[in-house]
Amino acid sequence: MSQNNITGGLPKDKKAVIVIKKKSVPEKRLTCHFNPTDYTISRDVTWQFKSVLGKDVPVADFQGGGSNKLTLKLLFDTTMEAGAPKDVRTDTKHLWDAAYIDTGSKDAVTNKGEPPHILFIWGTTWSFEAIITNISQEFTLFSDSGIPLRSNVTLSMTQVVDDRNFGRQNPTSGGIQGKIHVVREGDRLDLIANQYYSKPMKWRDIADYNNIDNPRLIKPGMRLVIPE
Numbered sequence: 001m002s003q004n005n006i007t008g009g010l011p012k013d014k015k016a017v018i019v020i021k022k023k024s025v026p027e028k029r030l031t032c033h034f035n036p037t038d039y040t041i042s043r044d045v046t047w048q049f050k051s052v053l054g055k056d057v058p059v060a061d062f063q064g065g066g067s068n069k070l071t072l073k074l075l076f077d078t079t080m081e082a083g084a085p086k087d088v089r090t091d092t093k094h095l096w097d098a099a100y101i102d103t104g105s106k107d108a109v110t111n112k113g114e115p116p117h118i119l120f121i122w123g124t125t126w127s128f129e130a131i132i133t134n135i136s137q138e139f140t141l142f143s144d145s146g147i148p149l150r151s152n153v154t155l156s157m158t159q160v161v162d163d164r165n166f167g168r169q170n171p172t173s174g175g176i177q178g179k180i181h182v183v184r185e186g187d188r189l190d191l192i193a194n195q196y197y198s199k200p201m202k203w204r205d206i207a208d209y210n211n212i213d214n215p216r217l218i219k220p221g222m223r224l225v226i227p228e
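The letter at position 162 of the sequence shown is residue 162 when you use full-length UniProt numbering, and the numbering goes up by one with no holes.
Structure representation (structure tokens):
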């Protein structure tokens with residue numbers, strides 16, 4: 001995933017982003033070459049059905065909800081970048097790394113290493129924090145010397161953070177009231193306030209609503225509730 005602009009493609013700030021959240025090193029932010037053309041979200045819900053004597057329909061007993069699952073395909077093509085095409089694996093290796101154990105950190109409960117969380121961000125109102133459960137890569141274009149220049153990566157991810165948990169952290173607050181803004185590189189609260197309200201000075205409203213004491217500490221990937 002190159003940080004370079006793609007000739008004829010979307011502007012960088014319009015592309016989907018994947019943030020790799022390793023505990024042992026700073027987060028790595030990867031900008032996709034191209035946005036996905038489609039994606040699939042699924043969810044398992046577990047019920048136990050009990051037959052009732054004399055009834056045609058069993059009684060459904062709810063057991064629990066499962067995690068949301070996201071499957072998508074991403075195209076990587078280094079021939080669209082400025083300069084000589086490079087090995088496409090130099091970009092996609094970061095996704096493969098996210099499918100392996102982060103040896104620099106251990107789970108606090110099990111004391112074992114685990115792969116990092118990733119945050120898939122597309123647009124300003126939706127993101128998906130998950131772990132990679134399956135990754136495959138198909139190479140479709142090569143240089144004369146056999147170096148892969150273009151590939152499709154298929155990712156299957158299982159959600160580990162419920163989007164509905166974001167919002168005011170005050171115990172008396174209700175659910176999320178307003179839009180969700182995913183912080184991007186270069187964002188500031190006054191710029192965000194101007195985007196939604198056309199009033200930069202309303203950055204304090206956003207800060208107060210999200211319990212932000214120091215506006216300089218917002219980071220790419222953070223989700224902010226924009227109060228109505």
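Don't be surprised by glycine CBs; every beta carbon is placed ideally from N, CA and C.
- Message: In this structure, how does DSSP classify L72 when only helix, strand and coil are distinguished?
- Response: Collapsing the DSSP output to three states places L72 in a strand.
- Assuming I218 and D187 form a contact by the criterion Cβ under 8 Å, report the distance between their Cβ atoms to the nearest whole angstrom. 7 Å
- Quick check: the region 202 to 219 against the region 145 to 160, are there 3 or more CB pairs under 8 Å? Per the Cβ contact rule, the region 202 to 219 is not in contact with the region 145 to 160 (fewer than 3 Cβ pairs under 8 Å).
- Query: How big is the Cα-Cα spacing for N35 and F120?
  - Reply: 11 Å
- Look at the alpha carbon of W47 and the alpha carbon of G66, and state the distance between them as a whole number of angstroms. The alpha-carbon atoms of W47 and G66 are separated by roughly 11 Å.
- Item | Paired residues, beta bridge with L224 - DSSP | H181
- Proximity to K112 [Cα-Cα], best of I101, W122, I118: I101
- Message: Would I20 and H94 be called neighbours here (beta carbons separated by less than 8 Å)?
- Response: yes
- Query: Hey, M157 and L75: beta-carbon distance below 8 Å or not?
  - Reply: no
- Task: Keeping to the same chain, check which residues put their C-beta closer than 7 Å to that of P115; ignore five residues upstream and five downstream.
- Result: A98, A99, Y100, I101, D102, I131, I132
- Item | DSSP state of K106 mapped onto helix, strand, coil | coil
- Message: So the candidates are R43, L149, G123, V45; which of them puts its Cα closest to the Cα of Q137?
- Response: Closest in alpha carbon position to Q137, among R43, L149, G123, V45, is L149.
- Taking the alpha-carbon positions, what's the P171 to V225 distance? Low confidence applies to P171: its pLDDT is 30, below 50, so where it sits in the model is not reliable enough to give any reading.
- Query: By Cβ distance below 7 Å, which residues in the same chain neighbour K202 in space, the five residues on each side in sequence not counted?
  - Reply: Excluding residues within five positions, the ones whose Cβ falls inside 7 Å are A193.
- Which first and last residues belong to the alpha helix (DSSP H) in which A193 is found? 189 to 197
- For R89 and E185, believed in contact at Cβ under 8 Å, the rounded distance: No, E185 and R89 are not in contact; Cβ-Cβ is about 25 Å, not under 8 Å.
- Query: Looking only at its own chain, which residues have a Cβ that is under 6 Å from the Cβ of S105, when we skip the five neighbours before and after it?
  - Reply: K23, S24
- Taking K93 as part of the alpha helix (DSSP H), name the residues at either end of that continuous run. 89 to 97
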